[in-house]
Amino acid sequence: MSDLISKVARHKGDEIIAHCPIDDWDFAPRYTDGVCPICGWRPEGIDVTLPFAARIDWFWPAVGFLALVSVAMAIAVIVTYIKA
Numbered sequence: 000m001s002d003l004i005s006k007v008a009r010h011k012g013d014e015i016i017a018h019c020p021i022d023d024w025d026f027a028p029r030y031t032d033g034v035c036p037i038c039g040w041r042p043e044g045i046d047v048t049l050p051f052a053a054r055i056d057w058f059w060p061a062v063g064f065l066a067l068v069s070v071a072m073a074i075a076v077i078v079t080y081i082k083a
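Following numbering that gives the first Met the number 0, the numbering of the sequence shown begins with 0 at its first residue and continues without gaps.
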């Protein structure tokens with residue numbers, strides 16, 4: 000089984016490159032959701048799960064952070080205005 004995986008997955012640095020035997024195409028499963036972009040062949044034994052930080056949509060956390068900073072700034076301005 001390890002022979003099959005070593006033939007299917009060749010490492011170039013930290014990147015995993017798979018070779019599709021159907022269309023003789025090398026591809027990085029990380030960027031194609033684990034399938035060959037031409038024919039849809041899926042190599043066995045390759046995990047393409049992205050890290051949590053890459054899977055999360057950062058729009059809403061950024062909006063929340065911006066709202067929090069805006070409220071803190073408004074409070075600082077009001078307190079400074081009252082004490083002045």
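Cβ coordinates follow ideal geometry from the N, Cα and C atoms, glycine included.
Computed from a predicted model, the values in this text were never measured in an experiment.
By the CB criterion at 8 Å, Pro36 and Phe51 fall outside the cutoff.
If you look at Trp24, you'll find it in the beta strand (DSSP E) that goes 24-26.
Around Cys38, the same chain offers Ile21, Asp22 as residues with beta carbons nearer than 6 Å, after the five sequence neighbours per side are excluded. Under the DSSP definition of a beta bridge, Cys19 partners with Trp24. Residues of the same chain with a CB within less than 6 Å of the CB of Val47, apart from the 5 flanking positions on each side, are Pro28, Arg29, Gly33 in chain order.
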